[in-house]
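In the numbering used here, each residue's number is its place in the sequence shown (first place is 1) plus 1217.
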Amino acid sequence: MKAKIIMITSGKGGVGKSSICAGLGYYLARLGKKVLILEMDSGLRCLDIMLGVSERTVHDISDVLCGRCEPIKAIYSSPITDNLSMMPATLRPDSNYSSKLFYKLCKGLSHYYDFILIETPAGFGRTLIDITRVCDLALLIVTPDPISMRDAKILSDYLDAHGLTRQRIVINKVKTTRGRLEVLPHLDVVIDTVLEPLIGVIPYEPEMVRALAQGRMISTRYTAGVAIQNIARRLTGEFVELAVE
Ligand SMILES: Nc1ncnc2c1ncn2[C@@H]1O[C@H](COP(=O)(O)OP(=O)(O)OP(=O)(O)O)[C@@H](O)[C@H]1O
Ligand SMILES: [Mg+2]
């Protein structure tokens, strides 16, 4: 087994990286894939709550990267579904780690999973470069507003410059009018600004907030749930039409 390692990233914060990372992990696992989520947002972790493991968390990724424990000790299986595990970020904001050990850790773990999803911190920095080195693909999470779009373009160029040229856009929190997504030219503008292919469009859905705060995943009874499931299916290589309505 050799995992596809995918970063879930954004220039601007608060656009939905954690929510989408948890949702994709869930739907990939439901498709029978073995999934590990690595949270790299030092000091600001939340995926442990979203994935229902926070009560059991003893060790985190900084314990592994500083040699305080074996990787297996910091991997927690999510009660939400089979095949889904996570390694939480540290709660210490100023935690330091070795880039070399991070590379070795990801390469080592890739033999045990089909997918490793890594949530990056928003913006730039050493951690982002370290994650870039191990990833096959970047999902750029963008909301359809000028600030998020411009930040995504800068981030996309930055990833290109560091050798990660395989990138896809996920447009999140798209407003709906009478149940229909507000689309063109809105979404075209995002693609034309960021200049990368689109892999999914997720509507603004208040249930996303409720579900994740309660350690549940958004279900496919909601369009947002279907949209995330469709991205998961595309990541497995399945052709799923991009129905934007
Ligand atoms: N499609 C959506 N519809 C409605 N709310 C959403 C949607 N996606 C995410 N949210 C909400 O937006 C907020 C920010 O989401 P989230 O924490 O996933 O973003 P983030 O990019 O990981 O943030 P950070 O940069 O702080 O890590 C949360 O309250 C989340 O529930
Ligand atoms: Mg986050």
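Every residue gets a Cβ at the ideal spot worked out from N, C-alpha and C, and that includes glycine. All of these numbers come straight from a predicted model, not from anything done at the bench.
Rounded to whole angstroms, what's the CA-CA distance from Leu1412 to Arg1285? Just pull it up for me. For Leu1412 and Arg1285, the distance between alpha carbons rounds to 42 angstroms.
With H, G and I counted as helix, E and B as strand and the rest as coil, what does DSSP make of Arg1451? Helix.
Are the beta-carbon atoms of Pro1296 and Ile1278 separated by less than 9 angstroms? With contacts defined by Cβ atoms closer than 9 angstroms, Pro1296 and Ile1278 do not form a contacting pair.
Segment contact, 8 angstroms Cβ cut-off, at least three pairs: the segment 1245-1261 with the segment 1380-1391: By the Cβ rule, the segment 1245-1261 does not count as touching the segment 1380-1391, because fewer than three pairs are nearer than 8 angstroms.
Check the C-beta distance from Gly1352 over to Met1224 and give it rounded, since I have them as a contact under 8 angstroms. For clarity, residue 1352 is Cys in the given sequence; the question names Gly instead. With a Cβ gap of about 5 angstroms, Cys1352 and Met1224 count as contacting.
Taking three-plus beta-carbon pairs below 8 angstroms as touching, is the segment 1354-1373 in contact with the segment 1253-1270? Cβ pair count under 8 angstroms is below three, so no.
If you follow the beta strand (DSSP E) that Glu1424 is part of, which residue opens it and which one closes it? Run containing Glu1424: none in the beta strand (DSSP E); it sits in the alpha helix (DSSP H), Pro1423 to Ala1430.
From Val1391 to Asn1447, what distance separates their C-alpha atoms? For Val1391 and Asn1447, the distance between alpha carbons rounds to 16 angstroms.
By the 10 Å Cβ neighbour count, where 16 or more other Cβ atoms means buried, how is Leu1459 classified, buried or exposed? So Leu1459 ends up on the exposed side.
For Ile1222, which of Tyr1329, Gly1342 and Tyr1375 has the nearest alpha-carbon? Selection Tyr1329, Gly1342 and Tyr1375 evaluated against Ile1222 yields Tyr1329 as nearest (Cα-Cα).
Look at Val1429 and Met1257 and say whether their C-beta atoms are less than 9 angstroms apart. Looking at the sequence shown, residue 1429 is not Val but Leu. For the pair Leu1429 and Met1257, the CB atoms are not nearer than the 9 angstroms cut-off.
Which listed residue (Cys1263, Leu1241, Gly1242 and Gly1231) has its alpha carbon closest to that of Gln1431: Nearest to Gln1431 by alpha-carbon distance, out of Cys1263, Leu1241, Gly1242 and Gly1231, is Cys1263.
So, are the CB atoms of Thr1226 and Leu1357 less than 9 angstroms apart? Taking 9 angstroms as the cut-off, the Cβ atoms of Thr1226 and Leu1357 count as close.
Thinking C-beta only, is Ile1416 closer than 9 angstroms to Met1425? Against a cut-off of 9 angstroms, the Cβ pair of Ile1416 and Met1425 comes out as no contact.
With respect to the alpha helix (DSSP H) encompassing Phe1319, which residues constitute its N-terminal and C-terminal limits? For Phe1319, the enclosing alpha helix (DSSP H) begins and ends at Ser1316 to Leu1326.
Regarding Met1224 and ligand 1, is the C-beta to nearest heavy atom distance less than 8 angstroms? Not so, every heavy atom of ligand 1 lies at least 8 angstroms from the Cβ.
Can you tell me whether Val1387 is helix, strand or coil according to DSSP? DSSP places Val1387 in strand when its eight states are reduced to three.
Taking a contact to mean a Cβ-Cβ separation below 9 angstroms, would you say Ala1220 touches Ser1302 in this structure? Their beta carbons are not under 9 angstroms apart, which means Ala1220 does not touch Ser1302 by this criterion.
Taking a contact to mean a Cβ-Cβ separation below 9 angstroms, would you say Ser1294 touches Val1270 in this structure? Yes, the pair counts as a contact, with Cβ atoms nearer than the cut-off.
Could you spell out where the beta strand (DSSP E) holding Val1232 opens and where it closes? Careful: Val1232 lies outside any beta strand (DSSP E) and carries neither H nor E.
Where do the N-terminal and C-terminal ends of the beta strand (DSSP E) with Leu1334 fall, by residue? Phe1332 to Glu1336 is the extent of the beta strand (DSSP E) around Leu1334.
Where does Ser1365 sit, in a helix, a strand or coil, going by DSSP? DSSP places Ser1365 in helix when its eight states are reduced to three.
Could you check if Leu1401 is buried or exposed, using at least 16 other CB atoms within 10 Å of its CB as the buried criterion? Bear in mind that the predicted position of Leu1401 carries a pLDDT of just 49, short of 50, making it unreliable; the figure below should be weighed with that in mind. Taking all protein chains in view, the Cβ of Leu1401 is surrounded by fewer than 16 other Cβ atoms within 10 Å, so the residue is classified as exposed.
Along the chain, where does the alpha helix (DSSP H) that runs through Val1252 open and close? Val1252 -> not in any alpha helix (DSSP H); beta strand (DSSP E) instead, spanning Val1252 to Glu1256.
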